[in-house]
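Shown next, in structure tokens, is the structure this report addresses.
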Amino acid sequence: MTSFDGYVDLPLRLAVLHGLLVDIIYQRGQDTIDKLHPLPTILNQITESVGPEAHRILVNSGMGQAKPVYVPPKYLDKFSPHQPSLQQLPLDSKGLREGDGRNRRERKPVARTQSAPHRRPGHAKHVLKRQTSSEALPIADPEQELETNQPLISPPNTSASVKRTHAPVPWIKNSHNKESSEMKAGNEGFNLLDRHAQELSELRLGIDQVTERELDMAKRLEDFISLSQDQNSMLQAELNELQKELAVRDEQLASATFRLGVIEEEREEDERKLNVAVAAAERMNVLEEQFAGLLRDLHQLSEASNSGQNNIQHPEKPHINSN
Numbered sequence: 001m002t003s004f005d006g007y008v009d010l011p012l013r014l015a016v017l018h019g020l021l022v023d024i025i026y027q028r029g030q031d032t033i034d035k036l037h038p039l040p041t042i043l044n045q046i047t048e049s050v051g052p053e054a055h056r057i058l059v060n061s062g063m064g065q066a067k068p069v070y071v072p073p074k075y076l077d078k079f080s081p082h083q084p085s086l087q088q089l090p091l092d093s094k095g096l097r098e099g100d101g102r103n104r105r106e107r108k109p110v111a112r113t114q115s116a117p118h119r120r121p122g123h124a125k126h127v128l129k130r131q132t133s134s135e136a137l138p139i140a141d142p143e144q145e146l147e148t149n150q151p152l153i154s155p156p157n158t159s160a161s162v163k164r165t166h167a168p169v170p171w172i173k174n175s176h177n178k179e180s181s182e183m184k185a186g187n188e189g190f191n192l193l194d195r196h197a198q199e200l201s202e203l204r205l206g207i208d209q210v211t212e213r214e215l216d217m218a219k220r221l222e223d224f225i226s227l228s229q230d231q232n233s234m235l236q237a238e239l240n241e242l243q244k245e246l247a248v249r250d251e252q253l254a255s256a257t258f259r260l261g262v263i264e265e266e267r268e269e270d271e272r273k274l275n276v277a278v279a280a281a282e283r284m285n286v287l288e289e290q291f292a293g294l295l296r297d298l299h300q301l302s303e304a305s306n307s308g309q310n311n312i313q314h315p316e317k318p319h320i321n322s323n
């Protein structure tokens, strides 16, 4: 195995892609090549560094020298920051001013609200002026002044059963309602703060739980990574051993194949020799049969010659019939 497992040979793939693109576009028509501009020009520029034996795509001279034309966006004059702000105003400024004056004249007077008493427009404001005087005022005794200014307190009249109620005045606000509303607003604010504090505590609790989960997951991930690395190392060692064993088996198979080839050649040679020996044995059998036949013929001839010689030496006597 190589030491670059899992990585991509990017230059090789780019070179293969360049070769495929050149081979595909080189066989196309000129119209198709012009439509693919500027890709053929780029491929030719890359081909220049490859070598003279590489294919080059025919590109029109006008297509290679064409420069891009700037096309401004649509409605650019309406959104350009260089446009003066006066051009965006309406042209009839006089009519606009007349309309504003008419609107001012047609405005109605402000209606009375219940926040302050109504004051007639005819009454002028009473402006307090500072008065100066050069007369010396007499200084009175403060104790005597307090005694003389003391009001006369009379006992309350309990006989009156009907109590007079004050007429409601719009601009007088009820202090009790104000205090209750302020207390209510304060309570609402405190409740809101309590709710926010509770939400923050819940969020912190959730963040703590998520952090604990992340730490647990990170620990598990580290354990899994270490375990996987150990398993990978063990598997790599087993794979190396299996590869070594496979190499030994391949060598044994190659040697066995070679020996089998030699044995096959020897067997063929033995078969050829055996066939020759069988043919020779058959020929020997035939020759032996022929030789045996010749011996029989010779023996018969010798017997015949011997019997002929005996007949010549001992002629036959006449046979006497006793009957």
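For the sequence shown, the residue numbers in the UniProt record's numbering are 1 to 323.
Quick reminder that beta carbons are idealized off the backbone N, C-alpha and C, glycines included.
Here the structure is a predicted model, which is why all the values come from computation and not from measurement.
If the criterion is Cβ atoms closer than 8 Å, does the pair residue i and residue j meet it?
i          : j          : result
residue 57 : residue 38 : no
residue 43 : residue 16 : no
residue 34 : residue 60 : yes
residue 24 : residue 36 : no
Along the chain, where does the alpha helix (DSSP H) that runs through residue i open and close?
i          : result
residue 60 : Premise fails: residue 60 is in no alpha helix (DSSP H) and is neither H nor E.
residue 9  : Careful: residue 9 lies outside any alpha helix (DSSP H) and carries neither H nor E.
residue 36 : Careful: residue 36 lies outside any alpha helix (DSSP H) and carries neither H nor E.
Let me know if residue i comes out buried or exposed under the rule of 16 or more other beta-carbons within 10 Å of its beta-carbon.
i         : result
residue 9 : exposed
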